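**Student:** I have a structure here, written as structure tokens, and I will follow up with some questions on it.
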Amino acid sequence: MPPAYVITDVGSTTTKALLIGPEGKEARLIGRAEAPTTVEKPFEDVTVGVRSALRKLAEIVGCELVSEVCRKAGEGARRQYRYLSTSSAGGGLQILVYGLTKSVTADSARRAALG
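Count the sequence shown with my numbering and you get residues 3 to 117, in order.
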């Protein structure tokens with residue numbers, strides 16, 4: 003089965019989440035959700051808003067996305083999801099972290115970003 007794509011965009015005020023899945027040889031938008039961006043106090047962590055948008059999207063499309071997209075390396079998945087994220091925020095995000103594997107580079111990047 004071709005993969006589905008979960009895409010998030012962290013904006014200055016709103017974080018958007020999309021689920022795009024295969025339909026024959028084409029792709030279609032399965033669902034869309036939004037949540038407030040959480041770059042400012044009290045959270046100061048955009049992942050809170052991303053997870054909130056993913057939970058809302060999961061409710062709309064009727065499947066679990068947070069645990070599937072955020073699962074640890076090596077854990078099995080019920081469906082193959084590819085995750086992409088962008089930022090359209092004008093000036094609120096001051097650092098971008100990227101990890102190839104959660105257990106090594108992603109943890110190091112998180113420590114560098116959050117202290």
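Glycine included, C-beta positions come from ideal geometry on N, C-alpha and C. The structure presented is a predicted model; accordingly, all values stated were derived computationally and were not measured.
Would you kindly report the start and end of the unbroken beta strand (DSSP E) that includes S90?
**Tutor:** Residue mapping note: residue 90 aligns to position 88 of the sequence shown, counting from 1. Per DSSP, S90 belongs to no beta strand (DSSP E) and is neither H nor E.
**Student:** Evaluate G33 with the Cβ neighbour count: other Cβ atoms within 10 Å of its Cβ, from every protein chain shown; 16 or more gives buried, anything less gives exposed.
**Tutor:** Numbered from its first residue, the sequence shown carries residue 33 at position 31. With 16 or more Cβ atoms within 10 Å of its Cβ, G33 is classed as buried.
**Student:** Find the nearest neighbour of S14 within the set I22, V41, T107, judged by alpha-carbon distance.
**Tutor:** One-based indexing of the sequence shown puts residue 14 at position 12. Of the listed residues, the one whose Cα sits closest to S14 is V41.
**Student:** Quick one: give me the first and last residue of the alpha helix (DSSP H) that T17 is part of.
**Tutor:** Stepping through the sequence shown from its first residue, residue 17 is reached at position 15. It is not in any alpha helix (DSSP H) - T17 instead sits in the beta strand (DSSP E) that spans 16 to 25.
**Student:** If the criterion is Cβ atoms closer than 9 angstroms, does the pair T10 and S87 meet it?
**Tutor:** In the sequence shown, the residue the question calls residue 10 occupies position 8. In the sequence shown, the residue the question calls residue 87 occupies position 85. Yes.
**Student:** With a threshold of 16 other CB atoms inside 10 Å of the CB of T39, please say whether the residue is buried or exposed.
**Tutor:** In the sequence shown, residue 39 corresponds to position 37, counting from 1. That one is buried.
**Student:** Could you check where the beta strand (DSSP E) with E66 kicks off and where it finishes?
**Tutor:** Taking the sequence shown and counting its residues from 1, the one referred to as residue 66 is at position 64. Here E66 belongs to no beta strand (DSSP E), and DSSP marks it neither H nor E.
**Student:** Once DSSP output is grouped into helix, strand and coil, what is the label at V46?
**Tutor:** By one-based count along the sequence shown, residue 46 stands at place 44. At residue 46 the sequence reads Glu, which differs from the Val that was named. E46 falls in the coil class under three-state DSSP.
**Student:** For V52, does the three-state DSSP call read helix, strand or coil?
**Tutor:** If you number the sequence shown from 1, residue 52 lands on position 50. Of the three classes helix, strand and coil, the one that applies to V52 here is helix, per DSSP.
**Student:** Out of curiosity, what's the CA-to-CA distance linking G64 and R113?
**Tutor:** The sequence position of residue 64 within the sequence shown is 62, counting from 1. The sequence position of residue 113 within the sequence shown is 111, counting from 1. Taking the straight line joining both Cα atoms gives about 34 angstroms.
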